[in-house]
Amino acid sequence: MTLEEKIAQMIVIYYISDEYDNLLSNVIQNVNPGGFILLKENITNNNQLLEFIRKMQEDSKIPMFITIDQEGGTVQRLHKKNDIKVETIPDMKTIGDTKDYNKAYEIGKQIGKDLYKYGINMNFAPVIDIYSNSDNTLMETRSFGNNPDIVSNMGIEVARGLIEEQIIPVYKHFPGHEDTSVDSHYDLPILNKTYDELLDFELIPFIKAIENDAKAIMVGHIATPKITNDNTPASLSKIMITDILRERLGFDGIVITDALNMVSLTKNYTQKEIIIKAINAGANMLLMPGSSKQTISIIKEAIEQKEIEEKLITNSAKKILELKFSNNAYFEDYYKKTNS
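Per my numbering, the very first residue in the sequence shown carries number 2; after that it's consecutive.
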């Protein structure tokens, strides 16, 4: 693979339209990004969505992660609309309150079935943040609750259901929005806890997920000043991603950033700073970093200027391709066809 092709695999793009037009087709064919996130603007009806995803994969040299936020409750990008055929999923607080792990598993399977039939293969769920602050309205209904063991087990069971339906789950949002009250879409949440304090609470669900062979984790825009000695968001922090998530907790899967166009980042950093910091921190995939061509140019220039080591790009591309071709039936079928 060329350097550009490796970089492209690290990018998850978005597009605000329900039409698979020439502009999007050209990006897919010429850039070949690693993934695409479906937003509500991409979804109109049954046939439109099927065709949108089919054409995207048809134009892509390497199959893409077709991703979505399909948590349940208020966060369901794919929902009953026109003739879209999906089940309405309750919020995770409701599921968590039942303490019924089999229910969580069945919910995961149902979400998985709904996604798979449209060609979606990766879900940015389950949410394994613990709801421990009554001022945290962002997580009030998205979290399974305030008990770390229940949150851990519920998340693992939802993920198990997704996996059985050939959907790759992405646990989120490391290290946890628990004891914060700010929405990271607009401002930077501060988690004022030491590493040992996080180990005793916030990190428990992530540790359990890693022990259960988590393949992908999303890192949030959450500052941990008692650990990093500054307000660098976890998504841009080498201490949080490489030192803690990778080395101390032993996670060897794909690290995906939360959306890099959120105001909590863009009001404090330039696009170039965000991209370079995220990669140097240890992120493997960049969610919504801006123009894919511009992102590739920024990364190539940073490598030339010795601001990013090329081995980080190679390692990320390797991890992404291994997950695509080894952990999901859709990609396995493609791999067999291209290697027969």
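Where is the CB? At the ideal position from N, CA and C, for every residue including glycine.
- For S327, the closest C-alpha among the options I69, I164, E6 and L79 is that of I164.
- In the displayed model, Y172 falls within a strand according to three-state DSSP.
- DSSP places F37 in no alpha helix (DSSP H) but in the uninterrupted beta strand (DSSP E) bounded by G36 to I38.
- Taking C-beta atoms as the reference points, F207 and F252 count as a pair closer than 9 Å.
- Bridge pairing for F66: G36 [DSSP].
- Y16 places its beta carbon less than 9 Å from that of L25.
- Counting other Cβ atoms within 10 Å of its Cβ, S133 reaches 16 or more and is therefore classed as buried.
- Straight-line spacing of the CA atoms in G120 and K227 works out to 42 Å.
- In this structure, DSSP gives E72 an extended state, which the three-state scheme calls strand.
- In the DSSP assignment, no residue is bridged to A9.
- Taking all protein chains shown into account, R143 has 16 or more neighbouring C-beta atoms within 10 Å of its C-beta and is therefore buried.
- The alpha-carbon of D201 is positioned some 12 Å away from that of N148.
- Residue state for Q167 is assigned as coil, using DSSP reduced to three classes.
- By the neighbour-count definition (other C-beta atoms within 10 Å, threshold 16), Q30 is an exposed residue.
- Cα atoms of V87 and N46: separation of roughly 11 Å, rounded to the nearest angstrom.
- When secondary structure is reduced to three states using DSSP, I211 falls in the helix class.
- Nearest in C-alpha terms to T296, of all of A279, A160, D231 and D84, is A279.
- Contact between T225 and L250 is absent: CB atoms are separated by about 14 Å, not below the 8 Å threshold.
- DSSP places L313 in the helix class (H, G or I) of the three-state scheme.
- Looking at the DSSP output, I218 sits in a beta bridge with Y172 and V256.
- As a beta-bridge residue in DSSP terms, N124 pairs with I69 and P170.
- K173 sits buried, since 16 or more C-beta atoms from the chains shown fall within 10 Å of its C-beta.
- Q77 is bridged by DSSP to Q71.
- In summary, D136 is exposed, with fewer than 16 beta-carbon neighbours lying within 10 Å of its beta-carbon over all protein chains present.
- Residue burial annotation: T271 is exposed, with fewer than 16 other C-beta atoms found within 10 angstroms of its C-beta.
- Q71 and I108 have their C-alpha atoms some 11 Å from each other.
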